[in-house]
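> Starting off with a structure, shown below.
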Amino acid sequence: MMKSTMAKAHVDRVPRNNPCAQCGTPIPQPDWIEPGEGRRVSYLWTCHACNYRFEAVAIFAHEAVEHPPLAA
Ligand SMILES: [Zn+2]
């Protein structure tokens, strides 16, 4: 019998290998994930090469709805 994990949707959204803002070294995964308002999620990245810490904010669309650009 096999169990399947159903609650990993949010984990799949975690960005990987974000380049360090200071030295450019790819960071495998964020140190901290902080859900913000609405669809914003803050990620705290720590570079282990230069010890630089920075925050990046991502905004996720809840539904995959594409809005056509408005013609001016
Ligand atoms: Zn760095």
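Take any residue in the sequence shown, note its place counting from 1, add 1, and you have its number in the numbering used here. Even for Gly, the Cβ is constructed at its ideal location relative to N, Cα and C.
So does A57 have its beta carbon nearer than 8 Å to some heavy atom of ligand 1?
Translated into the one-based positions of the sequence shown, residue 57 becomes position 56. Incorrect: A57 has no Cβ contact closer than 8 Å to ligand 1.
> Just to confirm, is the Cβ distance from W46 to A22 under 9 Å?
Residue 46 sits at position 45 when you count from the first residue of the sequence shown. Residue 22 sits at position 21 when you count from the first residue of the sequence shown. Taking 9 Å as the Cβ cut-off, W46 and A22 qualify as a contacting pair.
> Express the C-alpha separation of C51 and R40 in angstroms, rounding to a whole number.
Sequence index remark: in the sequence shown, residue 40 carries index 39 (1-based). Sequence index remark: in the sequence shown, residue 51 carries index 50 (1-based). Rounded to the nearest angstrom, the two C-alpha atoms are 31 Å apart.
> For V42, report the span of its beta strand (DSSP E) as first-last.
Taking the sequence shown and counting its residues from 1, one reaches residue 42 at position 41. V42 -> beta strand (DSSP E) spans R41 to T47.
> With distances taken from each beta carbon to the nearest heavy atom of ligand 1, which residues come in below 5 Å, in chain order?
Residues flagged by the Cβ proximity filter: C21, Q23, C24, T26, C48, A50, C51 and Y53.
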